[in-house]
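In the numbering used here, the protein residues as written are 822 to 1224.
Written out as structure tokens, the structure reads:
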């Protein structure tokens, strides 16, 4: 997994600085996924259907009508007409240049006209360090029963394989979006009696091993430990969480302006007994100048004190957390990653990949539909994101480089 992350980082750097704008690298068609028999597919449980896959650059990786399982997915996005999907292949297969896997997410990106808010955030987080884990992504076009269904973001599923979690280790776990960063006033008695809804635990299967006690301990320590306990060495917050990972996550929240990401939109996981609890980002469409419902938020600036653990880390400064955060920010700037030039280069490279598909997608899903706050097309949306990035990174600089 570390090797694959290092490869993704090197390829991202290469593409941003070498391939951007290269017309020879453009493709009229992205890898294509054809889905058949989707009438029975719903938001409830997985249903059987068929999938074909074609990549004109990798003909030996084609799939011809393989039986798969699929379901529609989404919370608020379930109300959008273009649906995201979870698909499970019969056998592991490399799709769109990503690693072999059976489980995939097809993100519709309906409300995000840029088609890249998720991808930018995940690629940024992975570029910080090969130890970071965020979904690997690629662009594909989807057809349903031979009808064009639009441009999609293919994502790897955040499971034990993607997160390098040792399933044989009895202390390892994966939870999706558990509310562990609550301030004390929100720790209701009911949460103490029934710590977490079963839906949060993704690994191991809850019938095999209930890991809720581990999260209850972490949540209660964050909210209820004394200042001395929280900051102590050993035994404090740095023994419970992987602080290097938390610092990178903290910076990602700041740079993307992910207010939603303070209390949800993450995976909480522990690889094995020898590692601290870590965070992997997930669902980052509420970023880069828009809320998750497409409402503009060009002027807002995230307040990380809204996350009670980050608030205590900043206030109590255990093990010089604030200084470590600043040093890491400066390091990533000096590496050329946390700059508006780098982020806008990523945007331009993604645009080069998807540009040939945009008219097809817009014909299927008009960008002046009633659910949108404006009628901007993808090109104009990206110009706004670039301007927002320049302005926002100046604000992040002011915050991080003060004193």
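We put the CB at the ideal spot given by N, CA and C, even for glycine.
Could you tell me the distance, in whole angstroms, from the CA atom of residue i to the CA atom of residue j?
{"i": "residue 892", "j": "residue 1222", "result": "46 Å"}
{"i": "residue 860", "j": "residue 1163", "result": "43 Å"}
{"i": "residue 1099", "j": "residue 1148", "result": "20 Å"}
{"i": "residue 1023", "j": "residue 1167", "result": "32 Å"}
{"i": "residue 919", "j": "residue 1048", "result": "45 Å"}
{"i": "residue 961", "j": "residue 926", "result": "11 Å"}
{"i": "residue 1001", "j": "residue 1041", "result": "8 Å"}
{"i": "residue 868", "j": "residue 1144", "result": "51 Å"}
{"i": "residue 1210", "j": "residue 1134", "result": "27 Å"}
{"i": "residue 1150", "j": "residue 888", "result": "47 Å"}
{"i": "residue 898", "j": "residue 1123", "result": "23 Å"}
{"i": "residue 1204", "j": "residue 1003", "result": "37 Å"}
{"i": "residue 1065", "j": "residue 871", "result": "43 Å"}
{"i": "residue 990", "j": "residue 901", "result": "40 Å"}
{"i": "residue 1035", "j": "residue 904", "result": "34 Å"}
{"i": "residue 1029", "j": "residue 1090", "result": "17 Å"}
{"i": "residue 1021", "j": "residue 854", "result": "30 Å"}
{"i": "residue 915", "j": "residue 882", "result": "7 Å"}
{"i": "residue 1177", "j": "residue 851", "result": "9 Å"}
{"i": "residue 1206", "j": "residue 1219", "result": "20 Å"}
{"i": "residue 1025", "j": "residue 1120", "result": "42 Å"}
{"i": "residue 874", "j": "residue 849", "result": "16 Å"}
{"i": "residue 1208", "j": "residue 1202", "result": "10 Å"}
{"i": "residue 1032", "j": "residue 981", "result": "15 Å"}
{"i": "residue 1152", "j": "residue 1217", "result": "14 Å"}
{"i": "residue 1175", "j": "residue 895", "result": "23 Å"}
{"i": "residue 879", "j": "residue 1173", "result": "20 Å"}
{"i": "residue 908", "j": "residue 865", "result": "13 Å"}
{"i": "residue 1185", "j": "residue 1179", "result": "10 Å"}
{"i": "residue 1019", "j": "residue 890", "result": "23 Å"}
{"i": "residue 863", "j": "residue 1058", "result": "42 Å"}
{"i": "residue 1129", "j": "residue 1136", "result": "10 Å"}
{"i": "residue 1212", "j": "residue 910", "result": "43 Å"}
{"i": "residue 924", "j": "residue 977", "result": "7 Å"}
Return the chain-ordered list of same chain residues with a C-beta closer than 7 Å to the C-beta of residue i, the five sequence neighbours on each side being excluded.
{"i": "residue 1154", "result": "1160"}
{"i": "residue 1112", "result": "1118"}
{"i": "residue 940", "result": "958, 974 and 1171"}
{"i": "residue 1071", "result": "1125, 1131 and 1146"}
{"i": "residue 1156", "result": "none"}
{"i": "residue 1061", "result": "1039, 1042, 1097 and 1098"}
{"i": "residue 1067", "result": "1100"}
Give me the Cβ distance between residue i and residue j, rounded to the nearest whole Å; I'm assuming they're in contact under 8 Å.
{"i": "residue 778", "j": "residue 1096", "result": "Because the chain spans 822 through 1224 in this model, residue 778 falls outside it and cannot be assessed."}
{"i": "residue 975", "j": "residue 958", "result": "6 Å"}
{"i": "residue 913", "j": "residue 922", "result": "6 Å"}
{"i": "residue 937", "j": "residue 1103", "result": "That belief does not hold up - the Cβ atoms of residue 937 and residue 1103 are roughly 16 Å apart, past 8 Å."}
{"i": "residue 1027", "j": "residue 1088", "result": "With a Cβ gap of about 16 Å, residue 1027 and residue 1088 do not count as contacting."}
{"i": "residue 1094", "j": "residue 1199", "result": "Not confirmed; about 46 Å, so no contact."}
{"i": "residue 917", "j": "residue 885", "result": "Going by Cβ atoms, the distance from residue 917 to residue 885 rounds to 17 Å, so no, they are not a contact pair."}
Output needed for residue i: all residues of its chain with C-beta closer than 6 Å, excluding positions within five of it in sequence on either side, in chain order.
{"i": "residue 823", "result": "With a pLDDT of only 49 at residue 823, under the threshold of 50, the placement of this residue in the model should not be trusted; the figure read from the coordinates follows. The answer, listed in chain order, is 951."}
{"i": "residue 1182", "result": "971 and 972"}
{"i": "residue 1056", "result": "none"}
{"i": "residue 1189", "result": "1196"}
{"i": "residue 946", "result": "953, 955, 1073 and 1102"}
{"i": "residue 998", "result": "1085"}
{"i": "residue 1127", "result": "1083"}
Between residue i and the rest of its own chain, which residues show a CB-CB distance below 8 Å, the 5 nearest in sequence each way excluded?
{"i": "residue 835", "result": "At residue 835, the pLDDT of 44 sits below 50, so the modelled position is not reliable and the matter cannot be decided from this model."}
{"i": "residue 1214", "result": "1076, 1159, 1160, 1161 and 1164"}
{"i": "residue 1193", "result": "932, 934 and 1115"}
{"i": "residue 1069", "result": "946, 949, 950, 953 and 1149"}
Should the region 852–859 be regarded as contacting the region 966–975, the criterion being three or more beta carbon pairs within less than 8 Å? yes
Could you say if the region 1080–1095 and the region 1107–1126 meet the contact criterion of at least three C-beta pairs nearer than 8 Å? yes
Would you call the region 1045–1055 in contact with the region 1125–1145, where contact means no fewer than 3 C-beta pairs closer than 8 Å? yes
Enumerated in chain order, which unbroken segments of the alpha helix (DSSP H) with a length of 4 residues or greater are wholly contained in the region 912–999? 938–949
State whether the region 942–950 contacts the region 978–993, with contact taken as three or more CB pairs (one from each stretch) at a distance under 8 Å. no
At 3 residues or longer, what runs of the beta strand (DSSP E) sit wholly inside the region 865–898? 868–875 and 884–894
Can you give, in chain order, each stretch of the alpha helix (DSSP H) that sits fully within the region 1173–1216 and has at least 4 residues? 1179–1185
Which ranges would you report for the alpha helix (DSSP H) in the region 1104–1165 if only whole runs of at least 4 residues count? 1129–1137 and 1142–1155
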